[in-house]
Amino acid sequence: MTEPQSGPQTDGGTTVTATTVTDSEGESATASGRRTQVALATRQVGSLAATEVRLGLRRRWAVILVGLFAAFGMLVLTFAGSAPGTAGFERTAASLAMLAVYVVPLAALAYGYDAVVGPAESGWLEVLSALPVTRTRILAGMTLGRGVVLVGGVALGFLIPGAILVSEYGPSTVPALATLLLAAAALGLAFLAVAVALSTLVREKTHALGAALLAWVWFVLVHDLLALGVVAAFDLSAGAVTALVLANPTSVYRVLVLGELGAGGTGGFASVLSASGLSSGLLAVALAAWVAVPLAAAALLVRWRGTIAAT
Amino acid sequence: MHIETTDVTRTYGDVTALDGLSLSIPSGSTFGLLGTNGAGKTTLFRLLIGHETPDSGTIRIGDTTVSAAGTEIRERVGYLPERAGFPAELTAREVLAVTGRVRDLSDVDSRVASVLDTVGLAGDADRPVEGFSNGMRRRLGLATALLPDPDVLLLDEPTAGLDPLGVVAFHRVVEDVSERTDATVLVCSHALAEVERLCDRVAILRDGQLLAAGELAELTAGTSGLEETFEAVVTGDERFGDEQSAVAADGPDASEAQRPPDTAPAEREEGAP
Amino acid sequence: MRLGRLYAVLTAFVLVVAAAGAAAAPQEDARSETISVDADVPDPDAFEPPEADGVATVDGTEYGSVQAAVDAAEPGDTVRLSGRFDENVTVRTANLTLAAASQEAAMIDGGGEGDVLAIEAPNVTVERVWINNSGWEADTEDAGVFVNGTDATLDSVRLTEVTFGVWVDGVDGVTVANSTIVGREEVRSHAERGNGINLWETADVVVRGNDITRVRDGIYFSWAEGVEATDNRMWDLRFGVHYMYSDDNLLADNLAFDNDVGYALMVSENLRIVDNRAVGNDGGSGHGILVKDVEDTTIRGNVLADNEHGLFASNGQDNRIESNLMMANTVGVHSTAGSTDQTVVNNSFVHNDLQAFSTNDVVVAWNGTDGGNYWSDARTADRSGDGVSEIRHRPAGTVEQVLHDHPQAAVFAESPAFSAVRMAENSFPVLESPGIVDHHPLVESPHDWERYYADHTDNAHRND
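Protein chains in written order, with my numbering: chain A, 5 to 315; chain B, 138 to 410; chain C, 1083 to 1546.
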């Protein structure tokens, strides 16, 4: 039945076996073993993501997001009127971009807040955790699936107003609109990442919803207001202003898009940008970091969540 | 595949969930875990599937030390968590298919069909889980655990909250599975009758410590049944005061129980003699 | 799951197209839509001087020198010039006319010394003569044409390589029309350059239809009254037009572009500045119109676009600023504390980075009783349908103050935070911060501003 256990007892009590994270991958894997691991991880993440996409469609999130972005886009087009020439286009595109500052984060947070806490409350996360898959991969699959649905909502939703703008102002507007669309999608992903991180942190769905709304208020309104106050109260160095912008994904998005559209008005805007070292490249990287860092935090948190879940 | 825990201790802050638990569960047995609330049953399950590591002590399933195996241990273990749940918008078939794909099983579709048949959900396979009764959900959870033809099946409070019909249906499936396969089944339950009906061996835990363990027939000898035994054990009835001897009959070396408390428990490395 | 796949594939397709579209973006100037003026100004570098030796003809007699010809002429005679003369000429015969067949037919070259042509008799007319190469000294007022005779007329004259173009030296009734004045580009310092047309202690002067460039100030007024300056075009100057101590003048239908300041009005009263255009005046101080210590002046119907400041008003009293279009300037109107009793009404403020800015420490209302101004960024609501919004507009408040004091704050421009502060200032008069308010903003612009974006031409910069 069992082997005698006297041997191990004389080992001097060193704890030999995995004492770090439970979900560590086999580390003795050879190169080919690692390739197999990567392929397995891809399959696992892929099937979880596909399930999440399916759920996104069945829960009408895809339709809601596409409809929401399309509707708001059309609203902007209707109210912006149609001033002729490049200037008219820039104004309309800038209005579209500024509207996205409100709508895209709100939609991403609303869609993402229950990404982890939702399945945790329903017990689905427990079922998945019983499978031979790390929690990081579960998180990756769920986030990827939601990311696809969200980006699809942004892309397909802005397609209609975008197409109208192109037909109205000509094909030369495609690059600006494409930049706008990609930036809006990246903004959405950043807030999805924030929502997922919050979702990993809290115990209850209602708390996650509250935290998501607070995050929206903070990033969309309060942060810039405070930053404005700080800029007004102190003579900040260019580096500090840069940091203030980078500390908020909506600011990063706004500066990036206005800079690319050339519609932030303006001599003043452009010169402040160059003085602060806020190049398009840096801003794009910052936006990517706003996707990556919250997700990395979520990946750490979801393991910790697994540990405390038993208490 | 037999399961063996050796002097396993797990604490959460000031709370000691498992306190030097040594337990041996023979291959192919259906083993009942009884205990009061907070006795450490769920903690034991979480340790068994590698969600957590023991503070000290070793857990082995077959030849594998769980804590060293990472997620791989779950390839051979089917686990039905107490709080299992499913996205309401997925069908039973889809739920099973995605767990099968994540498990990287071959022939997922035919396995899913067969396991749906086993748990009696074949007729509801393509309905969304939304419309399922509690009993159907538990059986769907059981199906996710059965999908990989596991060597070890862990059932955490499998029939809690089910109506009598649901309980009966669930028990039929478990009995059927333990007859048809040589899987080791570990059932943790508050329902003594359930354990009495399903299990051939039983262990009784309190405050993370093993109070008694052995064959059901042995433990219930001289009492009216498991109910009386359980009550006697947890209230410290002297007839069962020497429960360690019962453990020793099929548990680890008795000397372990007399190990000086200041000796740090050692863990055995994978592959050590 | 087919639907999910379709969704994902569509999304991927849009993203790939978008990425390709964004990557294919020609990295052109982001502000390709700068406002340009439709000004078909001459290119000073393309002038061809005559080669032949000069011949001056009076009454059928030919002279090899202009001076000899004008000295021989009787009052009322016409001296006809052709070819090139190298001399400095002084006309002392009244009622004389100096004329050439065309601007390119006859040139008088002053050899870089003193005035090229000095008019010391009344009623002298100069037509289509090319005056070249005056002295280099601004201190001694070296000019192409020095006018010291009343009622002189210069028509279609071309003046090149001059320090001052035309110096009117305390005589009245002078007319300078349809002439071209080109200073010396190689003299970089404005202090060492002269002015295009320098009016000193004069009255009843007409300055009409001239093109002036590469001098200090295009038209300089000093103690000049009753001057009508119309239809002139001035570019690449310090100031296009510069008034000092000069009252009761009219400035209309002029164009000033690419100068430091389009029209500088200083220490003068009762000026009428009407229907002029100032575009792209952004060097140095950078104003479309600069108003300093000016009283009882009307600034009406001007187009001030793409300047640093459209209008900069400092220490003015009782001035009217009405029906102007301030468009795409860094600051539309900058008004300092000393500007009192200023009426600002029926103007359009369109797409200026900062529509208006005031250093006033009280709230100044910019509107009449019936209507105010059009603000392209104002939220308007016109329930009564009279074209006037019932929601007041704060073009200059906290946000503008912050932006002005801390240009860095521009990175937060157009953020929801900005909008929130603006909306609070518009909606809650309780939170009154110093600045400008328009109680009756106009719903529609009184100006056809779109056309300045749409129908621009590029020939304004032909001389670059």
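The beta carbon of each residue, even a glycine, is placed where N, CA and C say it ideally should be.
N- and C-terminal bounds of the beta strand (DSSP E) containing residue i
i, result
"residue 1305 of chain C", "1299-1307"
"residue 37 of chain A", "Unbroken run through residue 37 of chain A is the alpha helix (DSSP H), 35-62; no beta strand (DSSP E)."
"residue 1440 of chain C", "1436-1440"
"residue 1475 of chain C", "1475-1478"
"residue 1338 of chain C", "1337-1339"
"residue 497 of chain B", "A question about residue 497 of chain B goes unanswered here, because the residues of chain B that appear run from 138 up to 410."
"residue 1359 of chain C", "1359-1361"
Chain A residues whose Cβ lies nearer than 8 angstroms to that of residue i
i, result
"residue 1484 of chain C", "232, 235, 236"
"residue 186 of chain B", "134"
"residue 268 of chain B", "Simply none; closest approach about 14 angstroms."
Which residues DSSP lists as bridging residue i, in chain order
i, result
"residue 1214 of chain C", "C:1191, C:1242"
"residue 342 of chain B", "B:172, B:347"
"residue 1395 of chain C", "C:1373, C:1417"
"residue 1160 of chain C", "C:1179"
"residue 1290 of chain C", "C:1259, C:1312"
"residue 352 of chain B", "B:338"
"residue 197 of chain B", "B:141, B:202"
"residue 140 of chain A", "Looking at the DSSP assignment, residue 140 of chain A forms no beta bridge with any residue, so it has no partner."
"residue 1281 of chain C", "C:1250, C:1303"
"residue 1404 of chain C", "C:1382, C:1427"
Closer than 9 angstroms at the beta carbon, the chain C residues around residue i
i, result
"residue 280 of chain A", "1490, 1493"
"residue 183 of chain A", "1100, 1103, 1104, 1107"
Contacts that residue i makes with chain A (C-beta to C-beta distance below 9 angstroms)
i, result
"residue 172 of chain B", "Near residue 172 of chain B there are no residues of chain A at all, since even the closest Cβ is about 15 angstroms away, more than 9 angstroms."
"residue 218 of chain B", "127, 130, 131, 133, 134"
Interface flag, residue i vs chain A, CB-CB below 8 angstroms
i, result
"residue 1093 of chain C", "yes"
"residue 112 of chain B", "Residue coverage of chain B in this structure runs from 138 to 410, which leaves residue 112 of chain B outside it and unanswerable."
"residue 1188 of chain C", "no"
"residue 212 of chain B", "yes"
"residue 235 of chain B", "yes"
"residue 307 of chain B", "no"
"residue 336 of chain B", "no"
"residue 1344 of chain C", "no"
Extent of the continuous alpha helix (DSSP H) run through residue i
i, result
"residue 278 of chain B", "271-283"
"residue 1531 of chain C", "Note, residue 1531 of chain C: premise wrong, no alpha helix (DSSP H); not H, not E."
"residue 1334 of chain C", "Element bounds for residue 1334 of chain C: not the alpha helix (DSSP H) but the beta strand (DSSP E), 1332-1334."
"residue 258 of chain A", "253-265"
Chain C residues whose Cβ lies nearer than 8 angstroms to that of residue i
i, result
"residue 145 of chain A", "The contacting residues do not exist; residue 145 of chain A stays about 14 angstroms from chain C at best."
"residue 2 of chain A", "For residue 2 of chain A there is no data in the structure shown, the boundaries of chain A being 5 and 315."
Neighbouring residues, chain B, relative to residue i (Cβ below 7 angstroms)
i, result
"residue 62 of chain A", "226"
"residue 210 of chain A", "Within 7 angstroms Cβ-Cβ: nothing; residue 210 of chain A doesn't reach chain B, min ~18 angstroms."
Contact with chain C by residue i, beta-carbon distance below 8 angstroms
i, result
"residue 47 of chain A", "no"
"residue 82 of chain A", "no"
"residue 156 of chain A", "yes"
"residue 258 of chain A", "yes"
"residue 66 of chain A", "yes"
"residue 115 of chain A", "no"
Contacts of residue i in chain A (Cβ-Cβ under 7 angstroms)
i, result
"residue 1096 of chain C", "159, 160, 163"
Chain B contact for residue i (CB, 8 angstroms cutoff)
i, result
"residue 59 of chain A", "yes"
"residue 268 of chain A", "Its pLDDT being 47, under 50, residue 268 of chain A is placed unreliably by the model, and the measurement read from it follows with that caveat. So no, residue 268 of chain A is outside the interface."
"residue 202 of chain A", "no"
"residue 44 of chain A", "yes"
"residue 36 of chain A", "no"
"residue 55 of chain A", "yes"
Neighbour list for residue i in chain C, Cβ cutoff strictly below 7 angstroms
i, result
"residue 262 of chain A", "1496"
Near the ligand COA: residue i beta-carbon under 7 angstroms from a heavy atom
i, result
"residue 220 of chain B", "Ligands displayed in this structure: none; no statement on the ligand COA is therefore possible."
Under 9 angstroms from the C-beta of residue i: neighbouring residues of chain B
i, result
"residue 52 of chain A", "235, 238, 239"
(message) So, does the region 170-184 of chain A touch the region 95-107 of chain A, judging by three or more C-beta pairs under 8 angstroms?
(response) Short answer: they touch.
(message) With a threshold of 8 angstroms, are at least 3 pairs of Cβ atoms found where one atom belongs to the region 151-161 of chain A and the other to the region 223-242 of chain B?
(response) no
(request) Specify whether the region 117-133 of chain A and the region 1516-1528 of chain C touch according to this definition: at least 3 beta carbon pairs, one from each stretch, less than 8 angstroms apart. (result) no
(message) I'd like to know if the region 1419-1429 of chain C and the region 1491-1504 of chain C are in contact, where contact means that at least 3 CB-CB pairs between them fall below 8 angstroms.
(response) no
(message) Any contact between the region 213-221 of chain A and the region 101-115 of chain A? By contact I mean 3 or more CB pairs, one from each, below 8 angstroms.
(response) These segments touch.
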